[in-house]
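S.K.: Per full-length UniProt numbering, residue 1 is the first one in the sequence shown, and the count goes up by one each step.
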Amino acid sequence: MKVFKFGGASVKDADSVKNVAEVIKMFSNDELVVVVSAMGKTTNHLEELVQLYYDRQNWKDKLNWIKNFHIDISKNLFNKDHDIFERIESIFEGIEEYLENAKSKNYAEVYSEMVSQGELLSTRIVRSYINEHVKKAVWLDARKYIKTDFNYTDARVDWEITKRNIGSKIPAFAKDSIVVSQGFIGSNGEGKTTTLGREGSDFSAAIFATGLQAESVTVWKDVPGVMTADPRKMPEATVIPELKYTDAAEMTYYGASIIHPRTIKPLAQNKIKLYVRPFTAPENIGTVIGKGNAEKHPASFILKTKQVFIDFKVTDFTFIDEKKLSIIFNALDQLNIKINLMQNSAVSFSICIDKKFDKVENLVEILKNDFEIELRDNLELLTIIGYDDAAMKTLYHRDEIILEQKTKKVYHMLYVPEKIHKELSAQKAK
Ligand code: ASP
Ligand code: MG
């Protein structure tokens, strides 16, 4: 059994869906479970829809736009009397009815129910197309199999029940059909829709693979594999042919967007290989992540934007000690903030974190009475894993380095990006 995952970019229009069918055709003799994300940027549009709804603004135009997007794609894939059109129609009627009656429900619950529609739509369309052009395909509702807690927007999986559901029912479907199901979604004990966090479809593929004890998961992407850097930012980036689970996990920890961070653990625990391959050149093998005896992989560059540097200074002429640190760490824990980099001196402790939601403001609010706080916004954090002389030579001059750190294996540099730096100097010159 193999599990495939196709993300939003691989089903963003009719030609892409045809390409997905071509890829699947290459493997149609295998038992396949295919996990698909919402088409293109549909999830973003659905998030905006929910926002408009809660802001009591006109959400119907947005809904119509999303509907037309799916109908237009389908028109290029099916005859006009195909029953997919009725299906799409009824999904959108369902959405409208839900929103019109949802007034009293809580935001997170409405969010998950609405945003999950993207995956429900895309999988209906993809399943129908594969069924017509590749091989008999069945559509399964992932919510019947993946069971979670009541955290609607970042749900945790109940592994016991989920593994049992998947393992006991899906293999029979996969015997003679291609199974198509949704990424990103599950349901809780009340049967209500939950979501696994943005970009969570990779994780869904790992969940299905775990329940099925599959031989591998393949994530089909718009890049040639896991690369030594983001090729849009560093054209000299190359594919890393083989990675160990731990190396891949380390890369996601430092912010590489190769794969959803929660994906690796269940695969490593169950010794399921993970392939990252290009859907535009499916004959290429891309990257394989496994137990492997991969030699040290080449230096890899990871860039995180929207970083904030925060310095906490003691105000009472004492030093930074364990008590003071625990005040800071408690606040970080309370707000669920991950530290990307930290450093201390005698009188201050500094951290670098992502600028996300209103977490920075809330952190300052909690700690402002205990410390003198200084903030630097709009920074970038470059991490090089397995740096060597050659990697260090590629670092072009950055105008202002805020913090630099090295361990034996990992190098970090937090700096003001040039563009911002120029803006700042222009402001000062005025
Ligand atoms: N469609 C969801 C998102 O865009 C899940 C995914 O793509 O993995 O976040
Ligand atoms: Mg997506």
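Beta carbons: idealized from backbone N, C-alpha and C, even for Gly.
1. Can you look up P278 in the DSSP assignment and give me helix, strand or coil?
2. Which value, in whole angstroms, describes the spacing of the CA atoms of I71 and E119?
3. Answer yes if the segment 310–320 comes into contact with the segment 345–357, meaning at least three C-beta pairs across the two stretches below 8 Å, and no otherwise.
4. For Q307, which residues does DSSP report across the bridge?
5. Quick one, are the C-beta atoms of R277 and G286 less than 7 Å apart?
6. Is E199 close to the ligand ASP? I mean its beta-carbon at under 6 Å from any heavy atom of the ligand.
7. Name the one or two DSSP bridge partners that T194 has.
8. The beta strand (DSSP E) that contains M392, what's its start and end?
9. Output needed for F371: all residues of its chain with C-beta closer than 7 Å, excluding positions within five of it in sequence on either side, in chain order.
10. Any heavy atom of the ligand ASP closer than 6 Å to the beta-carbon of F173?
11. Quick one: Cα of I385 to Cα of P241, how far?
12. Beta-carbon within less than 7 Å of N76's beta-carbon, same chain only, minus the 5 sequence neighbours each way: which residues are those?
13. With distances taken from CA atoms, which of T383, K80, H412 and K105 is nearest D256?
14. Does any heavy atom of the ligand ASP sit closer than 6 Å to the C-beta of S168?
15. Tell me whether R56 is buried or exposed, calling it buried when 16 or more other Cβ atoms sit within 10 Å of its Cβ.
16. Since H260 and G191 should fall inside the 8 Å C-beta cutoff, what is the C-beta to C-beta distance between them, to a whole number of angstroms?
17. Here's a check: name, in chain order, each residue in its chain whose Cβ is nearer than 6 Å to the Cβ of K304, leaving out the five neighbours to either side.
18. Between V179, I185, Y387 and E89, which has its C-alpha nearest K67's C-alpha?
19. When you measure from the CB of T193 to every non-hydrogen atom of the ligand ASP, does any distance come out below 6 Å?
20. Name the one or two DSSP bridge partners that Y411 has.
21. Check for me: the alpha helix (DSSP H) holding F329 runs from which residue to which?
22. Using the Cα positions of K18 and R124, report the straight-line distance between them to the nearest angstrom.
23. Taking just the CA atoms, how far does A390 sit from N151?
24. Who are the Cβ neighbours of I170 in its own chain at under 8 Å, not counting the five residues just before and after it?
25. Within its chain, find whatever has a CB closer than 6 Å to the CB of A9; leave out the 5 residues flanking it on each side and keep chain order.
26. Would you identify the three-state DSSP class for I337, choosing helix, strand or coil?
27. Report yes if the C-beta distance between V360 and I373 is below 7 Å; otherwise report no.
28. Only counting runs of 3 or more residues, tell me where the beta strand (DSSP E) segments fall wholly within the segment 29–97, in order along the chain.
29. Apart from the five residues on each side of it in sequence, which residues of its chain come closer than 6 Å, Cβ to Cβ, to N188?
30. Here's the rule I'm using: 16 or more other beta-carbon atoms within 10 Å means buried, otherwise exposed. How should P235 be labelled?
31. Q117 by DSSP, collapsed to three states: which one?
32. Looking at C-alpha atoms only, which residue of N369, L99, M1 and V226 is the closest neighbour of S300?
33. So, W159 versus F6, is the Cβ gap smaller than 7 Å?
M.R.: A quick look at the data gives this:
1. It is a strand residue.
2. C-alpha of I71 to C-alpha of E119: approximately 15 Å in a straight line.
3. The answer is yes - the segment 310–320 touches the segment 345–357, with three or more Cβ pairs under 8 Å.
4. Q307 is bridged to D354 and L379.
5. Contact flag set, yes.
6. E199 has its CB nearer than 6 Å to a heavy atom of the ligand ASP.
7. Partner(s): G186.
8. Segment D389 to K393 is the alpha helix (DSSP H) holding M392; no beta strand (DSSP E) there.
9. Only F312, K313, V314 and T315 meet the Cβ criterion.
10. No - the ligand ASP has no heavy atom lying nearer than 6 Å to the Cβ of F173.
11. C-alpha separation (whole angstroms): 16 Å.
12. In its chain, beyond the 5 residues on either side, A14 have a beta carbon closer than 7 Å to the beta carbon of N76.
13. Checking the displayed sequence, the identity of residue 256 turns out to be Ala instead of Asp. Measuring from the Cα of A256, the nearest candidate turns out to be T383.
14. Result no, Cβ not under 6 Å from the ligand ASP.
15. For R56, the number of other beta carbons within 10 angstroms of its own is below 16, and it is reported as exposed.
16. With 8 Å as the limit, H260 and G191 do not qualify as a contact, their Cβ atoms being about 25 Å apart.
17. Only G255 and L381 meet the Cβ criterion.
18. Looking at V179, I185, Y387 and E89, the one whose alpha-carbon comes closest to that of K67 is E89.
19. Distances taken from the Cβ of T193 to the heavy atoms of the ligand ASP include none shorter than 6 Å.
20. In DSSP, Y411 forms a bridge with I384 and K406.
21. Looking at the DSSP string, the run of the alpha helix (DSSP H) that includes F329 is E322 to Q334.
22. Whole-angstrom Cα-Cα distance: 14 Å.
23. Distance between the alpha carbons of N151 and A390 is about 46 Å.
24. Excluding residues within five positions, the ones whose Cβ falls inside 8 Å are V33, L140, Y145, V179, F208, G211 and L212.
25. When the five nearest sequence neighbours on each side are left out, the beta carbons in the same chain lying within less than 6 Å of the beta carbon of A9 are those of D222, in order along the chain.
26. Secondary structure of I337 (DSSP, three-state): coil.
27. Contact annotation: V360 and I373 have beta-carbon atoms that are not nearer than 7 Å.
28. Unbroken beta strand (DSSP E) stretches of 3 residues or longer found wholly inside the segment 29–97: 32–36, given in chain order.
29. Cβ neighbours of N188 beyond the five flanking positions: T148, F150 and T194.
30. The residue in question, P235, is exposed, as its Cβ has fewer than 16 Cβ neighbours within 10 Å.
31. The answer is helix: DSSP assigns Q117 an H, G or I state.
32. Nearest C-alpha to S300: V226.
33. Against a cut-off of 7 Å, the Cβ pair of F6 and W159 comes out as no contact.
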